[in-house]
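Contents: one structure, followed by commentary.
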Amino acid sequence: MLFDTHTHLDNEAFDADREEIIARAYEQGVTRMVNVGFNRETIPTTMALAEKYDFIYAAVGWHPTDAVTMKPEDMQWLGDLTQHEKVVAIGEIGLDYHWDTSPKDVQQRVFREQIGLARELKLPIIIHNREAHEDVVRILREEKAGEVGGIMHSFSGSWETAKMCLDMGFYISFGGPITFKNAKQPKEVLVRIPNDRLLVETDSPYLTPHPFRGKRNESSYVRLVAEAAAELKGMEFEEICRMTTENALTCFDIR
11 MLFDTHTHLD NEAFDADREE IIARAYEQGV TRMVNVGFNR ETIPTTMALA
61 EKYDFIYAAV GWHPTDAVTM KPEDMQWLGD LTQHEKVVAI GEIGLDYHWD
111 TSPKDVQQRV FREQIGLARE LKLPIIIHNR EAHEDVVRIL REEKAGEVGG
161 IMHSFSGSWE TAKMCLDMGF YISFGGPITF KNAKQPKEVL VRIPNDRLLV
211 ETDSPYLTPH PFRGKRNESS YVRLVAEAAA ELKGMEFEEI CRMTTENALT
261 CFDIR
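First residue of the sequence shown: 11, per my numbering; consecutive thereafter.
Written out as structure tokens, the structure reads:
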């Protein structure tokens with residue numbers, strides 16, 4: 011069994027063959043997935059997938075690159091959606107200093123507000139962090155995000171950053187980049203992550219693992235991520251599958 015903890019199966023890249031992609035993942039042992047809705051357009055399509063498939067769960071939140079579009083009523087909407095039994099996290103939320111689509115102060119405000127919502131609802135959070143390591147960690151600490159914990163999604167930071175996140179109770183999730191030959195830092199960090207805090211993901215259709223790099227990613231490829239993690243950790247593939255699935259079930263409080 012494998013758990014793809016972060017995917018975007020509602021993305022338009024799957025419009026022509028979505029059911030085939032989902033079926034292929036399940037047939038190849040990916041028996042649970044969390045689809046992530048991150049703005050006004052993708053949250054409804056994420057909820058529709060979670061309602062259609064027993065093994066697909068939903069995370070809902072406001073992506074930092076879309077922070078400038080968030081209105082007060084959207085926060086209420088997120089809160090209402092979390093009452094749905096298939097919603098297991100608030101996310102993806104965080105900071106993105108790579109794309110210049112939302113001012114940093116707006117991103118930080120929306121990030122803080124959503125951490126507050128998650129604490130109020132006692133739900134884990136899924137963190138998007140791009141070129142903003144210092145501010146992400148600082149805000150997580152200031153907003154007491156450790157009370158709910160969650161996932162550092164598609165982790166790309168240093169061991170020092172990972173350690174600070176681990177100390178706040180977060181899980182560290184890795185995707186396709188750990189299969190890349192030149193991805194030295196993610197591999198070095200993964201080796202040091204405690205076994206009970208490690209997760210795997212695809213972020214499909216993005217960040218496709220080797221040997222399909224440059225093509226569309228899909229949830230069945232989380233198997234390639236798990237194989238790379240097993241090799242780096244010096245563990246059996248089956249043990250990595252069991253361990254990361256148990257970690258995900260614990261993180262999302264799925265029984």
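Glycine is no exception: its CB is placed at the ideal position from the N, C-alpha and C atoms.
In angstroms, rounded to a whole number, what distance separates the CA positions of R129 and E153?
-> Here the C-alpha atom of R129 lies approximately 9 Å from the C-alpha atom of E153.
Based on the DSSP secondary-structure assignment, which residues constitute the bridge partners of P234?
-> Note on identity: in this sequence residue 234 is Leu, with Pro being the wrong assignment. Answer by DSSP bridge pairing: none, since L234 is not bridged.
For E228, I'd like the list of residues in its chain whose CB is within less than 6 Å of its CB, leaving aside the five on either flank, ordered along the chain.
-> Excluding sequence neighbours, E228 sits near I31 and S214.
DSSP-derived helix/strand/coil call for M174 = Of the three classes helix, strand and coil, the one that applies to M174 here is helix, per DSSP.
Close beta carbons around G126, own chain, < 7 Å, minus the five adjacent residues each side = So the list reads E153, once near-sequence residues are dropped.
Selection from Q124, F184 and H138 that minimises the alpha carbon distance to V158 = Here the closest residue by C-alpha is Q124.
Residue closest to H108, alpha-carbon to alpha-carbon, out of T75, G89, W87 and L91 | When each option's Cα is compared against that of H108, the closest is T75.
With distances taken from CA atoms, which of P196, T189 and L131 is nearest M162?
-> Ranked by Cα distance from M162, the first of P196, T189 and L131 is P196.
Limits of the unbroken beta strand (DSSP E) element including G160 | G160 to M162 is the extent of the beta strand (DSSP E) around G160.
For Q38 and I66, the rounded distance between their alpha carbons | Going by the C-alpha atoms only, they are around 15 Å apart.
Assuming G101 and A69 form a contact by the criterion Cβ under 8 Å, report the distance between their Cβ atoms to the nearest whole angstrom.
-> At roughly 5 Å, the Cβ-Cβ gap stays under 8 Å, so G101 and A69 are in contact.
Can you tell me the Cα-Cα spacing of P219 and A236, whole angstroms?
-> Distance between P219 and A236, taken at the CA atoms: about 11 Å.
Which listed residue (I182, L217, G186 and K191) has its alpha carbon closest to that of V201 = Measuring from the Cα of V201, the nearest candidate turns out to be I182.
C-alpha gap between P134 and G71, whole angstroms = Looking at the two C-alpha atoms, the distance is approximately 11 Å.
Select from Q93, A26 and H73 the residue whose C-alpha is nearest the C-alpha of M3.
-> As shown, the chain starts at 11 and ends at 265. That puts residue 3 outside it, with no answer to give.
Whole angstroms is fine: what's the gap from M85's alpha carbon to A35's?
-> About 32 Å.
So, do the stretch 249-257 and the stretch 46-62 have three or more beta carbon pairs nearer to each other than 8 Å?
-> As far as the Cβ criterion goes, the stretch 249-257 does not touch the stretch 46-62, which means the pair count is below three.
When the Cα of N192 is compared with those of L208, E170, K173 and R223, which residue comes out closest?
-> Closest by alpha carbon: R223.
Between W87, N257 and R148, which lies nearest to L12 when the distance is taken from Cα to Cα?
-> Shortest Cα-Cα distance from L12 to any of W87, N257 and R148 involves N257.
Same chain, Cβ closer than 8 Å to E141, neighbours up to 5 away in sequence not counted = Same-chain partners within the cutoff: D106, Y107 and H108.
DSSP state of S183 mapped onto helix, strand, coil | S183 falls in the strand class under three-state DSSP.
Short Cβ contact (8 Å threshold) for S164 with G185 = Yes; because the gap between Cβ atoms is below 8 Å, this pair is in contact.
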